[in-house]
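J.: Going by our numbering, 278 is the number at position 240 of the sequence shown; the sequence numbering is gapless.
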Amino acid sequence: MTYFVEGIQGSGKSTLVKLLSEKCPDHKVLEEGDYSPVELAWCAYMGMEDYQAALEQYPDLKQEIEAKTHFEDDHAVVCYTKIRTDNRSFYQGMEKYEIYNNRVSPEAFKEIVLSRYGRWDGAPMITECALFQNIVEDMILFRDMTDEDIIGFYRDVKKAVGDKQIHIAYLKAGTDDIRRNLETARRDRVDDKGNEVWFGMLCDYFNNSPYAVRNGLEGEDGLVRHWVHRQELELRICKELFPDRHTVLLSKSYGEKDIVRILQ
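(1) Measuring only the C-alpha atoms, how far is Glu166 from Gln90?
(2) On the three-state DSSP scale, how would you describe Glu104?
(3) Taking 8 Å as the threshold (C-beta atoms), are Trp80 and Thr107 in contact?
(4) Note down, in chain order, each residue of its chain lying with its Cβ closer than 7 Å to the Cβ of Arg154, except the 5 sequence neighbours on either side.
(5) I'd like to check one pair, Leu209 with Ile258: are the Cβ atoms closer than 8 Å?
(6) DSSP on Tyr208, reduced to helix/strand/coil?
(7) Would you kindly report the start and end of the unbroken alpha helix (DSSP H) that includes Lys196?
(8) Leaving aside the five residues before and after Ala114 along the sequence, list all residues of the same chain whose C-beta is less than 7 Å from its C-beta, in chain order.
(9) Taking the alpha-carbon of Asn140 as reference, which of Ala105, Met177, Ile46, Ala168 has the nearest alpha-carbon?
(10) What's the call for Thr123, buried or exposed, on a 16-neighbour Cβ count within 10 Å?
(11) For the 8 Å Cβ check, are there 3 or more pairs between the region 41 to 48 and the region 160 to 174?
(12) Step through the CB atoms of chain C and report whether any lies within less than 8 Å of the CB of Lys56.
(13) Does the contact criterion of 3 or more C-beta pairs under 8 Å hold for the region 190 to 198 versus the region 285 to 292?
(14) Have a look at the DSSP bridge pairing and note the partners of Gly85.
(15) Could I get the ranges of all uninterrupted alpha helix (DSSP H) runs contained in the region 154 to 183, with 4 residues as the minimum, in chain order?
(16) Would you call the region 50 to 62 and the region 126 to 136 in contact, with 3 or more CB pairs under 8 Å?
(17) Write down the C-beta distance between Lys202 and Trp158 rounded to the nearest angstrom, noting that I regard them as a contact closer than 8 Å.
(18) Could you tell me which residues DSSP puts in a beta bridge with Leu288?
(19) Take His319 as the anchor and find which of Ile300, Glu270, Gln269, Gly293 has the nearest alpha-carbon.
(20) Where Glu272 and Gly212 are concerned, what is the direct C-alpha to C-alpha distance, given to the nearest angstrom?
(21) Who are Val67's beta bridge partners in DSSP?
(22) Which residues in the same chain as Asp296 place their Cβ atom closer than 7 Å to its Cβ, once the five residues preceding and following it in sequence are excluded?
(23) Is Gly131 helix, strand or coil by DSSP?
(24) Glu149: which of Ala105, Tyr192, Glu186 sits nearest, CA to CA?
(25) Beta-carbon separation of Ile46 and Arg268 under 8 Å?
(26) Taking 8 Å as the threshold (C-beta atoms), are Pro248 and Phe32 in contact?
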């Protein structure tokens with residue numbers, strides 16, 4: 039069984055991944071940015087010409103880049119956020135090759151996502167944000183897709199997954215919890231001078247998205263409204279498309295019995 043741990047940012051996904059991994063020591067645990075057979079968050083998806091050009095452009099990082107590269111057909115998947123360097127232009131350059139935030143066409147996006155789910159051999163793993171978060175955010179914020187369009191996309195995802203053994207552990211948070219979790223993250227994720235670097239980057243990402251601009255959303259209030267909607271949509275996908283393949287837990291309010299329920 040592969041366990042997809044999902045939920046809104048700050049809902050406690052990393053903690054649940056840790057608890058599940060303790061119960062399933064034979065499962066591979068994948069974080070965002072790791073090489074995953076199904077997820078490309080924080081990874082560059084590059085054609086071979088672009089990959090070779092990157093090796094030439096960053097000769098001092100060539101060995102590190104090669105060590106963090108996995109090849110899929112005619113593409114290189116580079117886990118570039120796992121490479122440590124003071125050269126900020128490296129991260130900016132590699133970020134351009136991510137598939138999210140409307141960086142590739144809708145047709146290419148669908149082909150990449152569905153083909154990777156289809157090729158995945160079903161090897162057991164425990165992974166965070168690999169089924170919903172990045173894909174749904176991309177479709178809502180940058181591709182102007184309706185809820186029905188997104189559900190239609192996930193019907194195709196379900197077909198691609200086929201009979202592979204999967205279970206979705208979804209951490210549901212109330213509106214007040216979503217706001218409180220965001221405020222906690224704002225306080226915790228600061229630099230050594232107390233500046234809210236993470237929140238500033240998050241707001242830039244959200245405020246400038248076509249969805250936020252069109253709907254007049256911005257800042258903390260806008261994010262909370264968006265995440266409430268996103269959570270409702272993801273729970274609907276679970277209920278309608280994966281009725282026997284998901285468990286809903288209350289964010290940060292679950293116990294040992296709930297973990298056992300997921301594993302059963």
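Yeah, the Cβ is synthetic: ideal placement off N, Cα and C, and Gly gets one too. Please read these numbers as outputs of a predicted model, since none were measured by experiment.
T.: Quick answer:
(1) Reading the sequence shown from its first residue, position 128 is the one you call residue 166. Reading the sequence shown from its first residue, position 52 is the one you call residue 90. Computed Cα separation, rounded: 30 Å.
(2) Translated into the one-based positions of the sequence shown, residue 104 becomes position 66. In this structure, Glu104 counts as helix in the three-state DSSP scheme.
(3) As a first step, residue 107 is located in the sequence shown; it is residue number 69 there, counting from the start. As a first step, residue 80 is located in the sequence shown; it is residue number 42 there, counting from the start. Not closer than 8 Å, so no.
(4) Counted from its first residue, the sequence shown places residue 154 at position 116. Contacts found: Pro75, Val76.
(5) Within the sequence shown, the letter at position 220 stands for residue 258. Within the sequence shown, the letter at position 171 stands for residue 209. For the record, residue 258 in the displayed sequence is Glu; it is not Ile. Not closer than 8 Å, so no.
(6) If you number the sequence shown from 1, residue 208 lands on position 170. If DSSP states are grouped into helix, strand and coil, Tyr208 belongs with the strands.
(7) Against the sequence shown, residue 196 aligns to sequence position 158. Unbroken alpha helix (DSSP H) run through Lys196: 185 to 199.
(8) To locate residue 114, count along the sequence shown from 1; it is residue 76. Cβ within range, chain order: Met84, Met86, Tyr89, Thr107.
(9) As a first step, residue 140 is located in the sequence shown; it is residue number 102 there, counting from the start. Here the closest residue by C-alpha is Met177.
(10) Sequence index remark: in the sequence shown, residue 123 carries index 85 (1-based). With fewer than 16 Cβ atoms within 10 Å of its Cβ, Thr123 is classed as exposed.
(11) yes
(12) Absence of chain C from the displayed structure is noted, only one protein chain being present.
(13) no
(14) The residue labelled residue 85 in the question sits at position 47 within the sequence shown. Looking at the DSSP assignment, Gly85 forms a beta bridge with His113.
(15) 171 to 175
(16) no
(17) The residue you call residue 202 lines up with position 164 of the sequence shown. The residue you call residue 158 lines up with position 120 of the sequence shown. Yes, they are in contact, since the Cβ atoms of Lys202 and Trp158 sit about 7 Å apart, within 8 Å.
(18) In the sequence shown, residue 288 corresponds to position 250, counting from 1. Answer is Lys210, bridged to Leu288.
(19) In the structure displayed, the chain extends from 39 to 302; residue 319 sits before or after that span and is not available.
(20) Taking the first residue of the sequence shown as 1, we reach residue 272 at position 234. Taking the first residue of the sequence shown as 1, we reach residue 212 at position 174. Between Glu272 and Gly212, the C-alpha separation is close to 14 Å.
(21) In the sequence shown, residue 67 corresponds to position 29, counting from 1. Val67 pairs with Ile164.
(22) The residue you call residue 296 lines up with position 258 of the sequence shown. Taken in chain order, the residues that qualify are Leu287.
(23) Here residue 131 refers to the residue found at position 93 of the sequence shown. Of the three classes helix, strand and coil, the one that applies to Gly131 here is helix, per DSSP.
(24) The residue you call residue 149 lines up with position 111 of the sequence shown. Among Ala105, Tyr192, Glu186, the Cα nearest to that of Glu149 is on Tyr192.
(25) Translated into positions along the sequence shown, residue 46 becomes position 8. Translated into positions along the sequence shown, residue 268 becomes position 230. For Ile46 and Arg268, yes; Cβs fall inside 8 Å.
(26) Since the first residue of the chain shown is 39 and the last is 302, residue 32 is not available in this structure.
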